[in-house]
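Undergrad: Have a look at this one.
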Amino acid sequence: MEVGRVCLAWVVLFFAVVASVSVLVVAESQSERSLVSNSGIAESDNGAVVWNWLTRLEIFEKNSTTWMRSVAPEDGGADWPKLEVNTRVIAAVILSSIGACICAAGGVGGGGLFIPIFNLLLLFDAKTSAALSNIMILGGSLAVLAWNIQQTHPLSPGKPLIDYDVALLLNPNMLLGISIGVFCNIMFPGWLLISVLTVILFYMTNRSVKSGFSRWKKESAAAAKARAKLAAASANAVENGANGLTEPLLAAHPQTSWSTQCPPQKLIKLALVWLLFFAVQIVRGGEGTQGILKVEPCGLAYWLLSSSQLPLALGLTAWIAFQHSSKSHTPVTSESEEEEEVDVLAGAGAYTLFPTMALLAGMLGGMLGIGGGMIINPMLIEVGMHPQVTAATSSFMIFFASSMSVLQFWLLGRIPMDFAMLFGALCFLFSCVGIGVLQAAIVKYGRPSVIVFLVSSVMGLSALLMATFGGLDVWRQYEAGAYMGFHTPCGHS
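Take the sequence shown: its letters are residues -20 to -1, 1 to 473, numbered as in mature numbering (1 follows the signal peptide of the UniProt record, and there is no 0).
This is the structure in structure tokens:
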């Protein structure tokens, strides 16, 4: 139970900091919500908008480019805040660091924690908060991927920790869902985004907690069985006069080659899928960046290129499913025979369940900025995947999903690059810390179910934050008479 108390302490610490910062934010004057359109923008001789960095060095401003601008796109949104040392930014850095540690350990992106930081603390609008959230998710997923790609399967040390077959089946529809979700993010009003996110997170928290307790009981039973077996072996050794040291306590794990840890064929397929969707974005372009073909935003060619992602995803999924279904599937059993891994891709139903699950996760990730991990992770655990494999595979998928989301938000001109680079680097650094601490805890206490509880804690806290502060923010908009309706996909109401 020690590991459970440690994880609970992390979550309590995060919530305590959130509560403290909330008091400070409420105490501050509401005048900080006024626009900063003139304070954070400088213009060069040719009229290009120049990036205003923390130090505001004149030489740096002269060499800045328009893609690093600090002004929101012309879709009716407020100008973006400038990056400077103040109470809000310092608090955001602290909260983001703690959140990155917890989310990396649980194998979730953490958008449900990061969005309130940008939206409620740093005063970005909901849409830009989703974009910045994806930047942080991408930074964290890079750190976790670098760690997990070196690890082996907990039940079969000869296999990689990441399930590349599941990732292949999920990837095309995940990327398709992101494209749809990003358009929904542009079209839907902020109050609807907050409502959908809150409901989804509360529901997934409930399901995840149940899965966590179920796995905790299984681990306790397995540990009790192992202790009984060890006691019996010790008694036999004493009775037979043996010292019990003639055999190693742990079987030697076979060395795995780099090609096993990173199967080149599967990685090439994953890269090909991503590049095909990437090509659509580059050729099409967006409102903030012109594509290769100089397609007019929201014109006929624009929508034809956008809709081409649907048959692309269906075709790639069918191709991957056909190749995988022709192979034999056998369950993975640990050497101690204490636990058997469920083959989640066994049966024809998996080839419809997983793509549907990925499409939903991608849509929510692109629309709400939660990275999709909070949806994929609990679902994979429910179908029987080992928590460590689930976290690794989910993080691997988050890397593909968040990178595509970041690209699309950038093409739409919705990323303030000063905040993006600062918080992206911050998330990368503290994700390394979080994954290292989690691995040490699992090795020491033998409780992989802690991952499930970390995921549940992140989702529950995210839902609580969004329901409370998001609701208050929507009410303030309503009282101020702000436009709260839908927009066109091109960003104009």
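C-beta atoms are modelled at their ideal positions from N, C-alpha and C, and glycine is treated no differently.
Which partner residues of S132 appear in the DSSP bridge assignment?
TA: Residue identity differs from the one stated: residue 132 is Thr in this sequence, not Ser. According to DSSP, T132 bridges with P140.
Undergrad: Please state the DSSP three-state secondary structure of G364.
TA: coil
Undergrad: Just to confirm, is the Cβ distance from G461 to A80 under 8 angstroms?
TA: no
Undergrad: What is the DSSP secondary structure of G346, reduced to helix, strand or coil?
TA: helix
Undergrad: Starting from T448, trace the alpha helix (DSSP H) both ways and give me its first and last residue.
TA: For T448, no alpha helix (DSSP H) encloses it, and the DSSP letter there is neither H nor E.
Undergrad: If we call anything under 8 angstroms between Cβ atoms a contact, is N153 one with A293?
TA: The criterion of a C-beta distance shorter than 8 angstroms is satisfied by N153 and A293.
Undergrad: Return the first residue and the last residue of the alpha helix (DSSP H) that K246 is part of.
TA: 244 to 264
Undergrad: Would you call the CB atoms of residue 513 and L112 closer than 8 angstroms?
TA: Here the chain has residues from -20 to 473 only, and residue 513 is not among them.
Undergrad: Could you tell me if M464 is buried or exposed, where buried requires 16 or more neighbouring beta carbons within 10 angstroms of its beta carbon?
TA: exposed
Undergrad: How far does the alpha helix (DSSP H) with C278 in it extend, from its first residue to its last?
TA: First-last for C278: undefined, no H or E at that position.
Undergrad: Using 10 angstroms around the beta-carbon of P261, count the other beta-carbons present and answer buried if the total reaches 16, otherwise exposed.
TA: The residue asked about is misnamed: residue 261 is Gln in this sequence, not Pro. Buried, by the Cβ-count rule.
Undergrad: Can you name, in chain order, every residue of its own chain whose Cβ lies under 6 angstroms from the Cβ of W196, other than the five neighbours on each side?
TA: S429
Undergrad: If you measure between the beta carbons of S382 and L150, is that distance less than 8 angstroms?
TA: no
Undergrad: Would you call the region 175 to 193 in contact with the region 437 to 452, where contact means no fewer than 3 C-beta pairs closer than 8 angstroms?
TA: yes
Undergrad: Count the other CB atoms within 10 Å of the CB of Q368; is the residue buried (16 or more) or exposed (fewer)?
TA: buried
Undergrad: Taking the alpha helix (DSSP H) that G465 falls in, what are its first and last residues?
TA: No alpha helix (DSSP H) contains G465, which DSSP labels as neither H nor E.
Undergrad: How should A259 be labelled, buried or exposed, when 16 other C-beta atoms within 10 angstroms of its C-beta is the threshold for buried?
TA: A259 comes out exposed.
Undergrad: Take G353 as the anchor and find which of V88, V73, C83, D59 has the nearest alpha-carbon.
TA: V88
Undergrad: Quick one: residues in its chain with C-beta nearer than 7 angstroms to the C-beta of Y458, no 5 flanking neighbours on either side, listed in chain order?
TA: M464
Undergrad: Taking 8 angstroms as the cut-off, decide whether the C-beta atoms of L392 and G157 are in contact.
TA: no
Undergrad: Assign W60 to one of two classes, buried (16 or more other C-beta atoms within 10 Å of its C-beta) or exposed (fewer than that).
TA: buried
Undergrad: Does DSSP classify W60 as helix, strand or coil?
TA: Residue state for W60 is assigned as coil, using DSSP reduced to three classes.
Undergrad: Could you spell out where the alpha helix (DSSP H) holding L409 opens and where it closes?
TA: 397 to 425
Undergrad: Is the separation between the beta-carbon of A123 and that of F408 shorter than 8 angstroms?
TA: yes
Undergrad: So for P335, helix, strand or coil by DSSP?
TA: If DSSP states are grouped into helix, strand and coil, P335 belongs with the helices.
Undergrad: Where does W127 land, buried or exposed, given buried means 16+ other C-beta within 10 angstroms?
TA: buried
Undergrad: Assign V386 to one of two classes, buried (16 or more other C-beta atoms within 10 Å of its C-beta) or exposed (fewer than that).
TA: buried
Undergrad: Can you have a look at V454 and say buried or exposed, based on whether 16 or more other CB atoms are within 10 angstroms of its CB?
TA: buried
Undergrad: Using a Cβ-Cβ cutoff of less than 6 angstroms, which residues in the same chain neighbour G450 once the five nearest sequence positions on both sides are dropped?
TA: I174
Undergrad: Quick check on this structure: which residue in F389, A85, K62 has the alpha carbon closest to the alpha carbon of A420?
TA: A85
Undergrad: Note down the Cα distance separating L285 from R264, rounded to an integer number of angstroms.
TA: Distance between L285 and R264, taken at the CA atoms: about 6 angstroms.
Undergrad: Look at the alpha carbon of R427 and the alpha carbon of E199, and state the distance between them as a whole number of angstroms.
TA: 7 angstroms
Undergrad: Mark W283 as exposed unless 16 or more other C-beta atoms lie within 10 angstroms of its C-beta, in which case mark it buried.
TA: exposed
Undergrad: Have a look at C83, K62, M167 and flag the residue whose alpha-carbon is nearest the alpha-carbon of S374.
TA: The shortest C-alpha separation from S374 is found at C83.
Undergrad: Expressed to the nearest angstrom, what Euclidean distance is found between the alpha-carbon atoms of G161 and L418?
TA: 32 angstroms
Undergrad: Where does the unbroken alpha helix (DSSP H) through R68 begin, and where does it stop?
TA: 67 to 86
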